[in-house]
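**Student:**
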Amino acid sequence: MFEELGFRGKWRAYQARVLDELDSHLDDQHLHVVAAPGSGKTTLGLEVLIRLQKPSLILAPSLTIRDQWVSRLKEAFAPETYDVDQIISCELRQPKPLIFITYQALHAAMTGKIAQDEEDYAEEEETNGQSKPEKIDVIKTLKKVGTHTIVLDEAHHLRKEWWAVLTKVKKGLGKPTMLSLTATPPYDVEYSEWQRYEELCGSVDTEISVPELVKRGDLCPHQDYVYFSEPRGLEADQLENFKTEVALATKELLTCEGFEKAISSHPWLKVAEEDFEAILADPKMFSALIIYFNTIGYPPSRSALKLLGAEKEKIPTLTPEWLEIFLTGIFFTQRDFFPDHEETLARWQKRFQKIGCIERRRVTITDTKETSKLLANSVSKLASIVAIAEAEAKNMGDDLRMVVLTNYIRLKELPSGPDDKRPMSKLGVVPIFEHLRQHLTSDVKLGILTGSLIVAPKSASSLMPQILQQLEIPEAALKVKPLHHTPDYLEVSLEGRFSTQQVAFVTALFRLGGVTCLVGTQALLGEGWDAPSVNTLILASNIGSFMLSNQMRGRAIRIDRSSPEKASNIWHLAAIERETLMELLKKEFTNALKGYRPPIKTVSPFEDLNVKLGPDMQILKRRFRAFEGISLGDIPLIQNGIRRLNLKDAKWTTNGLQQLNERMLEEASDRGALKMKWDQSLQGKNPRPEMREATSANYAPKSLAFMDTLKGLAFQGAMGGVFWGASVLQDITQNLKYSLMGAIGVGMLVAAPKLITALYVFLRNGSLEGSMKQVGHAVLDTLYQADIIRTAPKNIELRTTKQTDGTVRCHILGASNPERHQFNTAMAQALGPVDNDRYILVRNSLLGSMLRVDYHPVPHAFAKHKKTAAFYEKCWNRYVGKSELVYTRTPKGRQLLLKARFKSTAAYFQKKTDISSIWE
């Protein structure tokens, strides 16, 4: 059936390795490959299908990726004389040996419904105009053609409704071979969800990182840059008015006697025994109540402090986050406690509602939906795109191949005619195209590629016949007409059955230089689009997810065979708030409340920035955690996270932003230096460098054995003192002297083992790196017991190293990437603050006359079963020090949890952890 098909190219190193080891990988009838975008997973997948010689179902997350599979099969595997269409189908209702469809289409056929996933590509997705798709017997259809292999392309898309459908298909086909390919496995999910993912896709057989692919020449050198802007004009006024209204309302609320009187009637303030259960069920609200009254000048009662396990001086400061918790409780979840003050609360709720701080029965005053949306879609980014395009065009000339990806098309923003000069008021494909067209001075050939609108320069017309011939499209299928507001650009479309080749047509036009700057949606072009000529990418999208952001970057980092010296620049846009709402509220609180203490600003080595800059930067920080790249410091280093942009000492003023943007543009202009930085960084610190994920911490629980050491020393010292005293006394009998000496000797023998043990444990755990290593051993042993890590213990090495910033980095060597990630996740949870953990470890120690109590979360993966949690306690006691395991879902446990959470959220007691990846 597939005998005439065969790959006509040369295998990359990792592809050849997977194919050589294919039989062993398929022992469990699963092959799970993780590799970066552009690494050739599609080609590898097709070769595996051909070698298996079985009818197959190939599932893709979008029409673009589905069509890419078909194109790659025809271009790279099929001889010119072979009619591939006889064995392939893109429709379940017309099954053939190779069926290429989307996850959406499979779900629709199985259920008769169109699933709307949270990351569904509504603008470009396949619905065929059906409000209710036709339901068919999918399993019967697949069995009819003998389907025995299922390919899950970009397997990370398997979410929600699709899980159930795929599980039914897998079960219905017996035991099919499962081939899973992805660039971004869902490492950031809970272990239970990861287990579900592995049940369907199998364990990861091979994983190759971006730096490895760059080192081998399979991906090009690349760099990420950020261009910053400030909202201006109407946007700036809207933000300023919002912040001012919130600050004014908050200040008046906190000085309102009527509101204070209403809240004073809250029954929890009495901390009566009958309220304990309710308080422990909502500990954040109880803490917020105490913090509110402490801030306005009413210290908490002794009973409240006792329940919290806190001292008055260590009550946290009222921050906007605590205010959100407090007001959400007062206005919604605990409104029934104030029946006599309904009018007062209704008035204040209405005021915050009018300002825009209430969303779905929740008070939000820091990053409201409207504020986040305004910054994410700020038109100030239009000027940023023009500045980047001007600079890149100047540097690259005719070699520029730039793509701008954004979220929305905004067709209504197209000018109605030549005289329509209205300013662009929204961010989207059409506004970006128009702003570039009107403001660019460089010779850039603009184009648009979306599912509903295609635009090309009139000058590109001469290339179109050549492309039609290459794609075997008749000239009659091509329709062009001038844009009604400018004769220099054409609206382009392919009609009839050739409409599916519109993306391929524009891609070819882009490759040949007919278009040098293409604007499109991330839905259509952000994943799976095969355009190796892209050398500059601007992400004008507010997507911050782990998976999609990495996929969008993948468009630019592919190698281009026709341009072996290719190096790519990837630009991210951020509209910032120089004075956030938090800063403004601090000022208002300080002026209005005599008892208010502003939060103490602490410098943490884990802070990527020295100030908060609003929700747009938060999205950017999340995005940067998803991929690795070269740092912009003096010593280039390959790492993930926004910290590598070296923004910690940036000056966030108007002039400072301008200087920062100029520095970014200057760095981006030297692509030759970028290649040298990659070559230098890829050397690494070890004989076999690789991306190593590790947990960093500025805290680890030191052993409590120190007190035992002191006690042992004191005992021996006392015995020695008695011995010395006995030796100098002349008026005691010789028998008494020998008796004392005997007692001293026995005492020293009794004390010695404990002293030696205590000294050993203290020395082992005495340093931060020593303590962290012992926690690592406890975590690692429990991961083995829970069957989460399966690599042989003899092959795994646990390492801790102290960094120049004083933190300690802990990681394991020899394990698989999923195992390493589970280890680091558990370590970060073990060393992090207590939240709403199912189990906690409680450690008590006597320091002089004071009792110190420390609380440590039991990692989520261990807390699902009591047996595993108890094993972790045993390991902790062995390696770290004596502790007690507490189940927090009992009344006593919830009371301890309340104290632990309050201690963890207090400003003076913040444990800091971070998970990061570095090439070393």
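Sequential numbering from 1328 applies to the sequence shown in this note's numbering. C-beta: ideal position from N, C-alpha, C; glycine also.
Select from Thr-2195, Trp-1675, Ser-2098, Val-2180 the residue whose C-alpha is nearest the C-alpha of Leu-2110.
**Tutor:** Among Thr-2195, Trp-1675, Ser-2098, Val-2180, the Cα nearest to that of Leu-2110 belongs to Thr-2195.
**Student:** Which residues in the same chain as Ser-1536 place their Cβ atom closer than 6 Å to its Cβ, once the five residues preceding and following it in sequence are excluded?
**Tutor:** Met-2018
**Student:** Could you tell me whether the stretch 1830-1850 touches the stretch 1778-1785, where touching means 3 or more Cβ pairs closer than 8 Å?
**Tutor:** yes
**Student:** To which residues of the same chain is Leu-2140 closer than 6 Å at the C-beta, ignoring the five residues directly before and after it?
**Tutor:** Within the same chain, Leu-2140 has close Cβ partners Glu-2124.
**Student:** To the nearest angstrom, how far is it from the Cα of Pro-2160 to the Cα of Tyr-2206?
**Tutor:** 20 Å
**Student:** With a threshold of 7 Å on Cβ separation, who are the neighbours of His-1766 within its own chain once the five nearest residues in sequence on each side are excluded?
**Tutor:** Val-1713
**Student:** State the CB to CB distance for the pair Ile-1897 and Leu-1864, rounded to an integer number of angstroms; the pair is presumed to be in contact (CB under 8 Å).
**Tutor:** 5 Å
**Student:** Given this structure, state the Cα-to-Cα distance separating Met-2046 from Val-2213, to the nearest angstrom.
**Tutor:** Note that Met-2046 scores 49 on pLDDT, short of 50, meaning its location in the model is unreliable and no value can be drawn from it.
**Student:** Taking only runs of the alpha helix (DSSP H) that begin and end inside the stretch 2094-2168, which ones reach a length of at least 4 residues, in chain order?
**Tutor:** 2095-2112, 2144-2158
**Student:** Let me know if Leu-1947 comes out buried or exposed under the rule of 16 or more other beta-carbons within 10 Å of its beta-carbon.
**Tutor:** buried
**Student:** Taking the CB atoms as reference points, tell me whether Arg-1737 and Lys-1748 lie closer together than 7 Å.
**Tutor:** no
**Student:** Verify whether the separation of the beta carbon atoms of Val-1938 and Ala-2027 is less than 7 Å.
**Tutor:** no
**Student:** Using only the alpha-carbon positions, how far apart do Leu-1575 and Ser-1614 sit?
**Tutor:** 24 Å
**Student:** Please report the residue range of the beta strand (DSSP E) in which Ile-1392 lies.
**Tutor:** Ile-1392 -> not in any beta strand (DSSP E); alpha helix (DSSP H) instead, spanning 1390-1403.
**Student:** If we ignore side chains and look at the alpha-carbon of each, how far apart do Gly-1365 and Ala-1850 end up?
**Tutor:** 18 Å
**Student:** Measuring alpha carbon to alpha carbon, tell me which residue in Lys-1808, Leu-1727, Glu-1534, Lys-1497 is nearest Val-1361.
**Tutor:** Glu-1534
**Student:** Distance check for Lys-1721 and Pro-1382, CA to CA, integer angstroms please.
**Tutor:** 51 Å
**Student:** Is Lys-2121 closer than 7 Å to Glu-2096 when the C-beta atoms are compared?
**Tutor:** Not closer than 7 Å, so no.
**Student:** Once DSSP output is grouped into helix, strand and coil, what is the label at Phe-2089?
**Tutor:** A caution first: Phe-2089 carries a pLDDT of 45, below 50, which makes its placement in the model unreliable, though a value can still be read off. It is helical.
**Student:** Which same chain residues end up closer than 6 Å to Met-1437 when comparing Cβ atoms and leaving out the 5 residues on each side of it in sequence?
**Tutor:** Val-1465, Val-1492
**Student:** Starting from Asp-1551, follow the beta strand (DSSP E) in both directions and report where the run begins and ends.
**Tutor:** 1549-1556
**Student:** Let me know if Gly-2180 comes out buried or exposed under the rule of 16 or more other beta-carbons within 10 Å of its beta-carbon.
**Tutor:** Here residue 2180 turns out to be Val, not Gly, going by the sequence shown. Only exposed fits Val-2180, as fewer than 16 other CB atoms lie within 10 angstroms of its CB.
**Student:** What would DSSP say about Val-1731, mapped onto helix, strand or coil?
**Tutor:** strand
**Student:** Can you tell me whether Gln-1421 is helix, strand or coil according to DSSP?
**Tutor:** coil
**Student:** Could you tell me the alpha carbon to alpha carbon distance between Val-1345 and Arg-1882, rounded to whole angstroms?
**Tutor:** Straight-line spacing of the CA atoms in Val-1345 and Arg-1882 works out to 24 Å.
**Student:** Give a yes or no on whether the minimum CB-CB distance between Pro-1424 and chain B is below 7 Å.
**Tutor:** In the structure shown, chain B does not exist; there is a single protein chain.
**Student:** Label Pro-1594 either buried or exposed according to how many other C-beta atoms from any shown protein chain fall within 10 Å of its C-beta, with 16 as the threshold for buried.
**Tutor:** Exposed is the call here.
**Student:** Compare the C-alpha of Thr-1511 against each of Gln-1413, Asn-2144, Glu-1331 and name the closest.
**Tutor:** Comparing Cα positions, the closest option is Asn-2144.
**Student:** Determine contact between the stretch 1659-1667 and the stretch 1570-1584, defined as no fewer than three beta-carbon pairs at a distance below 8 Å.
**Tutor:** no
**Student:** Counting Cβ pairs, one atom from each stretch, are 3 or more of them under 8 Å apart for the stretch 1694-1705 and the stretch 1804-1820?
**Tutor:** Short answer: they don't touch.
**Student:** If you follow the beta strand (DSSP E) that Leu-1814 is in, where does it begin and where does it stop?
**Tutor:** Note that residue 1814 is Pro in the sequence shown here, rather than Leu. That run of the beta strand (DSSP E) goes 1813-1821.
**Student:** Give the straight-line distance between the Cα atoms of Thr-1504 and Ile-1477, rounded to the nearest whole angstrom.
**Tutor:** Taking the straight line joining both Cα atoms gives about 6 Å.
**Student:** At the level of alpha carbons, what is the spacing between Lys-1681 and Ile-1692?
**Tutor:** 12 Å
**Student:** Please report how far the alpha carbon of Glu-1374 lies from the alpha carbon of Ile-1886, in whole angstroms.
**Tutor:** 21 Å
**Student:** Say whether the stretch 1554-1563 touches the stretch 1649-1656, bearing in mind that this needs 3 or more beta-carbon pairs closer than 8 Å, one atom from each stretch.
**Tutor:** no
**Student:** Please say whether Ala-2021 and His-2138 have beta carbons closer to each other than 7 Å?
**Tutor:** yes
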